[in-house]
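Student: In this note's numbering, the protein residues as written are 32 to 275.
One structure is given below, represented as structure tokens, and several questions about it will come after.
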Amino acid sequence: MALYFISIGLNDSKDISLKGLETVKKCAKVYLEGYTSVLNCPVSDLEKLYGKKVIIADRDLVESKAGETILKDAEEQNTAFLVVGDVFSATTHMDLWLRAKEKGIETIAIHNASVLTAVGITGLELYKFGKVTSIPFHNKDVKSPIEVLKQNQKMGLHTLFLLDLDPKEKKFLAINDAAAYLIKNRVPKDTKAVACCALGSSHPLLKYGALEILQKESFSKFPQSLIIPGKLHFMEEKALELLA
Ligand SMILES: C[S@@+](CC[C@H](N)C(=O)[O-])C[C@H]1O[C@@H](n2cnc3c(N)ncnc32)[C@H](O)[C@@H]1O
32 MALYFISIGL
42 NDSKDISLKG
52 LETVKKCAKV
62 YLEGYTSVLN
72 CPVSDLEKLY
82 GKKVIIADRD
92 LVESKAGETI
102 LKDAEEQNTA
112 FLVVGDVFSA
122 TTHMDLWLRA
132 KEKGIETIAI
142 HNASVLTAVG
152 ITGLELYKFG
162 KVTSIPFHNK
172 DVKSPIEVLK
182 QNQKMGLHTL
192 FLLDLDPKEK
202 KFLAINDAAA
212 YLIKNRVPKD
222 TKAVACCALG
232 SSHPLLKYGA
242 LEILQKESFS
252 KFPQSLIIPG
262 KLHFMEEKAL
272 ELLA
């Protein structure tokens with residue numbers, strides 16, 4: 032008996048690895064973590080591919096009720112906990128992993144692409160990213176993303192801003208809102224940034240431009256992230272110019 036933490040990739044049902052798919056198929060219960068990110072396909076596509084019912088696990092179920100649900104199931108039968116992107120590229124899932132271990136449940140991770148690696152498509156070197164930060168929906172008094180940006184900029188590092196989302200309500204913080212937040216918090220409006228939408232899909236939307244330009248654009252593909260590049264190598268500059 033084991034609890035399998037299966038990363039299912041970024042875009043649609045077909046991004047799961049072969050190993051992930053084989054594992055899901057042998058699990059009696061299948062949970063999908065449904066609050067930190069979303070796929071660009073309905074859950075019914077996953078159910079069709081797996082031949083199984085998929086239970087959506089909201090934050091309350093994972094953080095407060097896992098003892099009576101996911102962990103209880105995993106003590107009795109093989110159980111899958113599916114995560115969009117990669118399982119350990121969110122701050123929250125180590126808690127469930129550790130709780131399972133404390134209960135003596137075997138835990139097995141299957142990895143996949145994450146937004147943290149997919150941003151490599153911009154041409155920015157992954158090794159030169161600094162601390163990652165998030166901009167929440169309610170950001171009027173939130174200053175930590177600005178502090179993180181300043182620290183990264185001091186070291187010439189790139190800053191990835193993750194943008195809040197609420198999959199249950201189909202709500203996403205958009206790039207123009209994020210650009211407006213940064214400008215309101217005195218990041219110069221001519222600061223160049225990279226808009227990244229629907230990474231992992233065959234046609235991701237990428238745009239390099241000043242914050243004041245991105246603020247006026249409406250990007251139609253989701254989920255979205257924003258990057259403010261640090262010190263650029265000429266190869267990075269060349270790649271970004273293609274996105275301008
Ligand atoms: C908690 S993080 C994602 C964690 C996920 N486990 C992963 O490995 O990618 C969620 C945020 O990442 C960003 N994100 C996720 N998927 C994305 C995508 N396909 N394209 C652009 N940004 C994405 C969005 O800003 C979203 O709010």
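Ideal Cβ positions, reconstructed from N, Cα and C, are used throughout, including at glycine.
Determine the closest residue to LEU23 out of TYR66, VAL74, VAL114, ALA229, with distance taken between C-alpha atoms.
Tutor: One cannot answer for residue 23 here, as it falls past the ends of the chain, which runs 32 to 275.
Student: With DSSP as the reference, please indicate the residues paired to GLU64 in a beta bridge.
Tutor: For the purposes of this step, residue 64 is taken as residue 33 along the sequence shown, with counting starting at 1. ALA88.
Student: At what residues does the alpha helix (DSSP H) containing LEU278 begin and finish?
Tutor: Nothing can be reported for residue 278: it is not among the residues displayed for the chain, which extend from 32 to 275.
Student: What is the DSSP secondary structure of VAL114, reduced to helix, strand or coil?
Tutor: Indexing the sequence shown from 1 puts residue 114 at position 83. DSSP places VAL114 in strand when its eight states are reduced to three.
Student: Run the proximity test for ALA226: is its beta-carbon closer than 7 Å to any non-hydrogen atom belonging to ligand 1?
Tutor: Counted from its first residue, the sequence shown places residue 226 at position 195. For ligand 1, not one heavy atom lies less than 7 Å from the Cβ of ALA226.
Student: Take LYS174 and list the residues in its own chain whose beta-carbon comes closer than 8 Å to its own, dropping the five residues that flank it on each side.
Tutor: Position 143 of the sequence shown, counted from the first residue, corresponds to residue 174. Excluding positions up to five away in sequence, the list reads ASN216.
Student: Measure from the C-beta of LEU80 to each C-beta in chain C and report whether the shortest distance is under 8 Å.
Tutor: Chain labels in this structure do not include chain C; a single protein chain is all it has.
Student: Exposed or buried, what is GLN22 when buried is set at 16 or more other beta-carbons lying within 10 Å of its beta-carbon?
Tutor: Nothing in the structure corresponds to residue 22, since the chain is present only between 32 and 275.
Student: Near ILE177, which residues of its chain fall below 6 Å by C-beta distance, leaving aside the five closest residues on each side in sequence?
Tutor: If you number the sequence shown from 1, residue 177 lands on position 146. Once the five neighbours on either side are set aside, the close Cβ partners of ILE177 are ASN216.
Student: Tell me the residue span of the beta strand (DSSP E) that contains ILE259.
Tutor: As a position in the sequence shown, residue 259 is number 228, starting the count at 1. Counting along the chain, the beta strand (DSSP E) containing ILE259 begins and ends at 255-259.
Student: ALA131: beta carbon under 7 Å from a heavy atom of ligand 1?
Tutor: In the sequence shown, the residue the question calls residue 131 occupies position 100. Outside the cutoff, so no.
Student: Based on Cα-Cα distance, which residue from GLN184, ALA121, TRP128 lies nearest to ALA105?
Tutor: As a first step, residue 105 must be located in the sequence shown, where it is residue number 74. If we check each option's Cα against that of ALA105, TRP128 comes out closest.
Student: Give me the Cα-Cα distance between GLU243 and ALA226, rounded to the nearest whole angstrom.
Tutor: One-based indexing of the sequence shown puts residue 243 at position 212. One-based indexing of the sequence shown puts residue 226 at position 195. Rounded to whole angstroms, GLU243 to ALA226 spans 12 Å at the Cα level.
Student: Using a Cβ-Cβ cutoff of less than 7 Å, which residues in the same chain neighbour ALA211 once the five nearest sequence positions on both sides are dropped?
Tutor: As a position in the sequence shown, residue 211 is number 180, starting the count at 1. If we look at ALA211 and ignore the five residues flanking it on each side, its Cβ neighbours are GLN246.
Student: Go ahead and label TYR62 buried or exposed: buried means 16 or more other beta carbons lie within 10 angstroms of its beta carbon, across all protein chains shown.
Tutor: For the purposes of this step, residue 62 is taken as residue 31 along the sequence shown, with counting starting at 1. Counting Cβ neighbours within 10 Å, TYR62 comes out buried, since at least 16 surround it.
Student: Rounding to the nearest angstrom, what Cα-Cα distance links LEU188 and ILE87 in this structure?
Tutor: The residue labelled residue 188 in the question sits at position 157 within the sequence shown. The residue labelled residue 87 in the question sits at position 56 within the sequence shown. Using only the alpha carbons, I get a separation of about 37 Å.
Student: Just reading off the beta strand (DSSP E) that LYS83 is part of, what are its end residues?
Tutor: Taking the first residue of the sequence shown as position 1, residue 83 is located at position 52. Per DSSP, LYS83 belongs to no beta strand (DSSP E) and is neither H nor E.
Student: Hey, quick one: how far does the beta strand (DSSP E) through VAL225 stretch, first residue to last?
Tutor: Along the sequence shown, read from residue 1 onward, the residue named residue 225 stands at position 194. Here the beta strand (DSSP E) through VAL225 covers 223-228.
Student: In this structure, does DSSP put LEU7 in helix, strand or coil?
Tutor: Outside the shown range of the chain, which is 32 to 275, sits residue 7, and nothing can be said about it.
Student: Under the three-state reduction of DSSP, which class applies to LEU193: helix, strand or coil?
Tutor: For the purposes of this step, residue 193 is taken as residue 162 along the sequence shown, with counting starting at 1. Three-state result, LEU193: strand.
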